[in-house]
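Participant: Using full-length UniProt numbering, the letters of the sequence shown correspond one by one to residues 1 to 159.
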Amino acid sequence: MANTSNPMENKDQFNGLQAVRLKINGEERELQLLPWVSLLDVLREHLNLTGTKKGCDHGQCGACTVLCDGKRILSCLTLAVLKDGAEILTIEGIINGNQLHPLQQAFIDHDAFQCGYCTPGQICSAIGLLKEGKANTREEVQELMSGNLCRCGANNLAV
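(1) Please state the DSSP three-state secondary structure of Lys-54.
(2) Grab the span of the alpha helix (DSSP H) containing Gln-104 for me, first residue to last.
(3) What number of angstroms, rounded off, separates the C-alpha of Glu-140 from the C-alpha of Cys-61?
(4) Between Thr-78 and Leu-49, how many whole angstroms is the CB-CB distance? I'm expecting something under 8 Å.
(5) Rounded to whole angstroms, what is the Cα-Cα separation between Glu-87 and His-110?
(6) Please name the residue in Gly-70, Cys-56, Ile-95 whose C-alpha comes closest to that of Cys-76.
(7) What residue range does the beta strand (DSSP E) around Val-141 cover?
(8) Taking all protein chains shown into account, decide if Ile-123 is buried (16 or more other Cβ within 10 angstroms of its Cβ) or exposed.
(9) In chain order, which beta strand (DSSP E) runs of at least 3 residues are fully inside the UniProt domain "2Fe-2S ferredoxin-type" (18-94)?
(10) DSSP state of Gln-99, grouped into three classes?
(11) Can you give me the Cβ contacts of Asp-41 inside the same chain, cut-off strictly under 7 Å, excluding the 5 residues immediately before and after it?
(12) Give me, in chain order, the residues of the same chain whose beta-carbon lies closer than 7 Å to that of Ser-146; leave out the 5 immediate sequence neighbours on both sides.
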């Protein structure tokens, strides 16, 4: 007779920690993680890198956007163990000494943020977009940045 039991009923078999090596903002890190921990939770809860924000936790707002091996990813939807060996760049890692990244400075110079909560994800996404080199027109930039939402700006009807 086939085994029809739910494997999640015996949670003890899933409690094994896994070694994960990540290069985060240029620093090699080795972590012991449960297999279901998101990259976002590793950054925020394990490494205290709180610049990356937890917005919706469903991959819909882009507040958790980081760069993984130079490409934009949603860290809330990414299992950290699947990125073993990857290079992760967060908002904390884009500054060069005391000099802001040019996109950070542009956000300041052009008042491109309101409450600032979505700004780290917006900036990381824009850096990735520039590296991808796929956007040549304003419309292409708008489309490729459409996964990053600014909820306070989108809800602000007072002009």
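Note that CB positions come from ideal geometry on N, CA and C, so glycine has one too.
These figures come from a predicted structure and were not determined experimentally.
Facilitator: With the structure as the only source:
(1) DSSP places Lys-54 in coil when its eight states are reduced to three.
(2) Looking at the DSSP string, the run of the alpha helix (DSSP H) that includes Gln-104 is 102-109.
(3) For Glu-140 and Cys-61, the distance between alpha carbons rounds to 19 Å.
(4) Approximately 15 Å separates the beta-carbon atoms of Thr-78 and Leu-49; this is outside 8 Å, ruling out the contact.
(5) Between Glu-87 and His-110, the C-alpha separation is close to 30 Å.
(6) The candidate whose alpha carbon is nearest that of Cys-76 is Cys-56.
(7) Per DSSP, Val-141 belongs to no beta strand (DSSP E); it is in the alpha helix (DSSP H), 138-144.
(8) Classification for Ile-123: buried.
(9) Within the UniProt domain "2Fe-2S ferredoxin-type" (18-94), the complete beta strand (DSSP E) runs of at least 3 residues are 18-24, 27-33, 65-68, 71-74, 87-89.
(10) Strand, per DSSP.
(11) Cβ neighbours of Asp-41 beyond the five flanking positions: none.
(12) Apart from sequence neighbours up to five positions away, no residue of its chain approaches Ser-146 with a beta-carbon distance below 7 Å.
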